[in-house]
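Please read the structure below before turning to the comments.
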Amino acid sequence: MSGQTKRISVGFVAVVATTIIFWVPFYFVIINSFKNQQDAALMSMSWPKTFEIFSNYKAVLTAADNMLLRAFYNSTLLTVLSIVILVFVSAMAGFVLQRREGGRGSSLLNFIVLAGLMIPPAIVPTIWVLNSIGLFKTLIGITLVEVALHFPFSAILYKAFVATLPKEIDESAFIDGCGGIRLFFHIIFPLLKPVTSTVVVLTSINVFNDFVNPLYFFPGASNATVQLTLYNFTSRFTSSWNLLFADIVLISIPPLILFIFFNKKIVAGMTAGAVKG
């Protein structure tokens, strides 16, 4: 078997495996969200006898006083705020960590950042801290939690990408009288667009799909996020699998669209720093 034939065979097997693992379950969920209650309870992949698309999705969107619509608003707002803060904080941290690598205290700072990836978050102490400063059950509190949890990975990505930028840029800017803040925001930050795209897409999907953190740090019916609606609807629609599947489809659409359109930017941003850094 030639090398080209092997590559084609491996690619074919990969496509088939991807289809079976990802797209078949997704098809199962979608097709059952179109069925009535009795047909969906059979858990089959057969075509619907009667389509109940409008009634199913309307019932889900209006259930529990429009909980899903509020959840989409909460999740979107949480995601946007987290991304904005995370991008600026982690970009500045990555820039400083890379440019001062080998300097005084750099080893300790790098260890602290890496420790954030290895040490799991502590639920009870975090709740105590948020409650002590009056941020428990608030949007600001859960935003800070999301930023803190995603900061180490994002800072490492930025640090690797900053390594691809020559230090002569910094030196030229300082010679021209450019300060540190101006150097970062006017010169360095615009050059970080590839890795920024990666951080934005990956973190958006993670924050939007987060279940555990909103459950612990942002409880309350009015504070529900999209993943928490799935948890709430599991008991509400125990016998109505068609409505539960419809809820899964609705909350899966935004991350899926984001990933489909920006998956190339994710790969480009991660490999650029990995290869050159």
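Quick note: the sequence shown uses the UniProt record's numbering, first residue 1, plus one each step.
The beta carbon of each residue, even a glycine, is placed where N, CA and C say it ideally should be.
Note that this is a predicted model, so its numbers are computed, not measured.
Taking residue i and residue j to be in contact with their CB atoms under 8 angstroms, please state how far apart those CB atoms are, rounded to whole angstroms.
i       : j       : result
Tyr-216 : Ile-127 : 7 angstroms
Phe-208 : Thr-18  : 23 angstroms between Cβ atoms; not a contact.
Val-147 : Ser-82  : 6 angstroms
Ile-31  : Met-43  : 11 angstroms between Cβ atoms; not a contact.
Asn-223 : Lys-137 : 7 angstroms
Ile-187 : Ala-173 : 6 angstroms
Got a sec, what are the start and stop residues for the alpha helix (DSSP H) residue i sits in?
i       : result
Ile-140 : 139-162
Met-67  : 53-99
Phe-26  : 24-33
Pro-214 : 212-217
Ser-204 : 193-208
Please decide whether residue i counts as near chain C, where near means a Cβ-Cβ distance under 7 angstroms.
i       : result
Ser-240 : Judged by its chain identifiers, the structure shown contains no chain C, having just a single protein chain.
Under the three-state reduction of DSSP, which class applies to residue i: helix, strand or coil?
i       : result
Asp-247 : helix
Met-43  : coil
Pro-120 : coil
Ala-224 : coil
Pro-166 : coil
Ser-240 : coil
Gly-180 : helix
Pro-190 : helix
Gly-11  : helix
Ala-254 : Note that residue 254 is Pro in the sequence shown here, rather than Ala. Three-state DSSP puts Pro-254 in a helix.
Thr-234 : helix
Pro-48  : coil
Ile-133 : coil
Asn-110 : helix
Spatial neighbours of residue i within its chain, please: CB distance less than 6 angstroms, with the 5 preceding and 5 following residues excluded, ordered by chain position.
i       : result
Pro-152 : Val-113, Gly-116 and Leu-117
Val-162 : Gly-94, Phe-95 and Gln-98
Measure the CB-CB distance between residue i and residue j and report whether it falls below 7 angstroms.
i           : j       : result
Phe-184     : Phe-95  : yes
Ile-142     : Phe-218 : yes
Lys-58      : Gln-98  : no
Ser-33      : Ala-221 : no
residue 282 : Thr-229 : No answer is possible for residue 282: the residues shown for the chain start at 1 and end at 277.
Leu-243     : Asn-56  : yes
Arg-100     : Ser-106 : yes
By Cβ distance below 8 angstroms, which residues in the same chain neighbour residue i in space, the five residues on each side in sequence not counted?
i       : result
Ser-239 : Gln-37 and Ala-41
Val-87  : Ser-154, Thr-196, Val-199 and Val-200
Leu-61  : Leu-68, Leu-69 and Leu-250
Less than 7 angstroms between C-beta atoms, sequence neighbours within five positions excluded: which residues of the same chain meet that for residue i?
i       : result
Phe-72  : Val-226
Phe-26  : none
Ile-205 : Pro-255, Leu-258 and Phe-259
Asp-39  : Pro-48 and Lys-49
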